[in-house]
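Novice: In this note's numbering, the protein residues as written are 1 to 364. Note that the Cβ used here is the ideal one computed from N, Cα and C, for glycine as well.
#1: If residue 263 sits next to residue 325, beta carbons under 8 Å apart, how far is it from one beta carbon to the other, in whole angstroms?
#2: If I measure Cβ to Cβ from residue 231 and keep anything under 8 Å in the same chain, skipping five residues before and after, which residues do I get?
#3: How is residue 74 classed by DSSP in three states: helix, strand or coil?
#4: Nearest to residue 327 by CA position, among 293, 314 and 265, is which residue?
#5: Could you check the C-alpha separation between residue 66 and residue 186 for me, to the nearest Å?
#6: Note down the Cα distance separating residue 74 from residue 84, rounded to an integer number of angstroms.
#7: Would you grab the beta carbon distance between residue 36 and residue 2 for me? Rounded to a whole angstrom, and I think it's under 8 Å.
#8: In angstroms, rounded to a whole number, what distance separates the CA positions of residue 128 and residue 244?
#9: Given a cut-off of 7 Å, decide if residue 323 and residue 270 are closer than it, judged by their beta-carbon atoms.
#10: Going along the chain, which residues of its own chain have a beta-carbon closer than 6 Å to the beta-carbon of residue 184, five neighbours each way excluded?
#11: If you run the structure through DSSP and keep just helix, strand and coil, what is residue 95?
#12: Residue 45 by DSSP, collapsed to three states: which one?
#13: To which residues of the same chain is residue 345 closer than 6 Å at the C-beta, ignoring the five residues directly before and after it?
#14: Are the beta-carbon atoms belonging to residue 165 and residue 159 less than 7 Å from one another?
#15: Which first and last residues belong to the beta strand (DSSP E) in which residue 328 is found?
#16: Can you tell me whether residue 284 is helix, strand or coil according to DSSP?
#17: Consult DSSP for residue 277 and reduce its assignment to one of helix, strand or coil.
#18: How long is the line joining the alpha carbons of residue 234 and residue 78, rounded to whole angstroms?
#19: Assign residue 139 to one of two classes, buried (16 or more other C-beta atoms within 10 Å of its C-beta) or exposed (fewer than that).
#20: To the nearest angstrom, how far is it from the Cα of residue 90 to the Cα of residue 120?
#21: What does residue 15 pair with, by DSSP beta-bridge criteria?
#22: Straight-line CA distance for residue 170 to residue 146?
#23: Could you compute how far the alpha carbon of residue 99 sits from the alpha carbon of residue 15?
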């Protein structure tokens with residue numbers, strides 16, 4: 001199996017276009033046409049992780065965090081980033097990162113985080129907008145089903161728990177082909193009127209290209225008329241963080257203590273509880289302080305994430321409990337998430353989990 005096949009699956013799971021502007025997800029080192037001998041999954045990519053991959057017979061490392069965030073100006077081994085990249089190149093190890101695009105999908109980092117806490121009724125905390133398009137085309141009535149199905153099979157027409165969604169309007173199309181045409185109906189040089197159906201459907205921005213390709217392949221006309229419109233709708237399946245409910249109300253302090261076990265952390269930094277019980281929980285794997293306002297607006301009792309700064313704790317203002325469990329700790333289960341997804345897709349090609357604990361922070 002070539003690396004391109006693994007990458008294709010990972011990019012279906014978390015499309016690269018969903019990563020944040022500052023991110024650098026994707027294939028960072030290596031040739032996608034390389035034959036994969038083994039896959040190592042890790043949260044971070046370090047020199048020790050590359051050594052671990054080599055010792056376990058893996059030549060593809062899939063990490064959550066990219067080792068290269070900004071462009072490298074030189075490779076002389078002066079820092080750990082350069083040394084990691086050099087070691088990977090010297091040993092023919094491919095490096096692939098799946099970072100904020102995996103943070104931003106519904107079945108990604110935060111879903112795994114929520115499962116670890118036992119949350120129910122979960123939804124995206126801060127959904128994205130302006131990531132959907134409306135695609136419209138016009139087709140002969142006797143070919144409409146074929147075209148519509150092709151578009152939906154390519155990724156169009158999904159709204160929440162529904163698929164194959166479209167709106168269809170009867171109308172009349174007119175056209176005249178010149179001498180260089182071979183019209184499916186009518187005669188070149190003559191104005192033709194044809195009973196047609198206007199098909200309109202919603203498409204994620206990352207799927208527009210594939211939907212248009214499928215539409216054109218299924219359409220009987222040699223020149224296909226279509227429109228692509230931007231939409232302002234909020235897309236509830238893509239965005240930052242997650243919010244959900246505990247199965248039952250818990251004493252606030254007991255819940256905070258339980259995080260040390262459920263999240264396998266030695267330290268929980270928190271603001272004093274402003275209420276005795278907690279039920280609704282907002283979360284964000286990694287650095288989530290930017291979502292504090294969203295967590296408060298969601299009526300969450302507690303917001304669990306990592307990397308809060310000292311002065312940011314004051315912003316809770318007795319409206320919510322902030323619980324900072326650490327960046328690594330809030331994302332550590334992402335390794336198992338990726339491994340599980342890879343096993344489901346490639347059942348005869350089991351990935352390895354890194355044996356290296358990459359968290360640079362230690363607690364006494």
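Specialist: The relevant details are as follows:
#1: Against the chain shown, residue 263 aligns to sequence position 263. Against the chain shown, residue 325 aligns to sequence position 325. Right, the Cβ-Cβ distance comes to about 5 Å (below 8 Å), so this counts as a contact.
#2: Within the chain shown, numbered from 1, the residue matching residue 231 stands at position 231. Excluding residues within five positions, the ones whose Cβ falls inside 8 Å are 130, 132, 133, 134 and 202.
#3: The sequence position of residue 74 within the chain shown is 74, counting from 1. Coil at residue 74, not helix or strand.
#4: Against the chain shown, residue 327 aligns to sequence position 327. Here the closest residue by C-alpha is 265.
#5: Taking the chain shown and counting its residues from 1, the one referred to as residue 66 is at position 66. Taking the chain shown and counting its residues from 1, the one referred to as residue 186 is at position 186. In a straight line, the C-alpha of residue 66 is about 56 Å away from that of residue 186.
#6: For the purposes of this step, residue 74 is taken as residue 74 along the chain shown, with counting starting at 1. For the purposes of this step, residue 84 is taken as residue 84 along the chain shown, with counting starting at 1. Residue 74 and residue 84: Cα-Cα distance of roughly 13 Å.
#7: Working through the chain shown from its first residue, we reach residue 36 at position 36. Working through the chain shown from its first residue, we reach residue 2 at position 2. Residue 36 to residue 2, Cβ: 7 Å. Contact.
#8: Within the chain shown, residue 128 is the residue found at index 128, counting from 1. Within the chain shown, residue 244 is the residue found at index 244, counting from 1. The straight-line gap from Cα to Cα measures roughly 18 Å.
#9: As a first step, residue 270 is located in the chain shown; it is residue number 270 there, counting from the start. As a first step, residue 323 is located in the chain shown; it is residue number 323 there, counting from the start. Cβ atoms of residue 270 and residue 323: closer than 7 Å.
#10: Within the chain shown, the letter at position 184 stands for residue 184. These residues qualify, in order along the chain: 220 and 221.
#11: Counting from one through the chain shown, the residue named residue 95 turns up at place 95. In this structure, residue 95 counts as strand in the three-state DSSP scheme.
#12: Here the question's residue 45 lines up with position 45 in the chain shown. In the structure shown, residue 45 sits in coil (DSSP, three-state: anything other than H, G, I, E or B).
#13: Residue numbering aside, residue 345 sits at position 345 when the chain shown is read from its first letter. For residue 345, where only same-chain residues beyond five positions count, the Cβ hits under 6 Å are 9.
#14: Counted from its first residue, the chain shown places residue 165 at position 165. Counted from its first residue, the chain shown places residue 159 at position 159. Yes, the pair counts as a contact, with Cβ atoms nearer than the cut-off.
#15: On the chain shown, position 328 is the one that residue 328 refers to. Premise fails: residue 328 lies in the alpha helix (DSSP H), 327-331, not in any beta strand (DSSP E).
#16: Here residue 284 refers to the residue found at position 284 when the chain shown is read from its first residue. Strand at residue 284.
#17: Translated into positions along the chain shown, residue 277 becomes position 277. DSSP places residue 277 in strand when its eight states are reduced to three.
#18: Here residue 234 refers to the residue found at position 234 when the chain shown is read from its first residue. Here residue 78 refers to the residue found at position 78 when the chain shown is read from its first residue. When rounded, the distance between both Cα atoms is 45 Å.
#19: Stepping through the chain shown from its first residue, residue 139 is reached at position 139. Buried is the call here.
#20: Taking the chain shown and counting its residues from 1, the one referred to as residue 90 is at position 90. Taking the chain shown and counting its residues from 1, the one referred to as residue 120 is at position 120. So the two alpha carbons sit approximately 46 Å from each other.
#21: Looking up residue 15 in the chain shown gives position 15. The partner list for residue 15 (beta bridge, DSSP) is empty, contrary to what the question assumes.
#22: As a working mapping, residue 170 is identified with position 170 in the chain shown. As a working mapping, residue 146 is identified with position 146 in the chain shown. Cα-Cα distance, rounded: 16 Å.
#23: The count along the chain shown starts at 1 and reaches residue 99 at position 99. The count along the chain shown starts at 1 and reaches residue 15 at position 15. Their backbone Cα atoms lie some 11 Å apart in a straight line.
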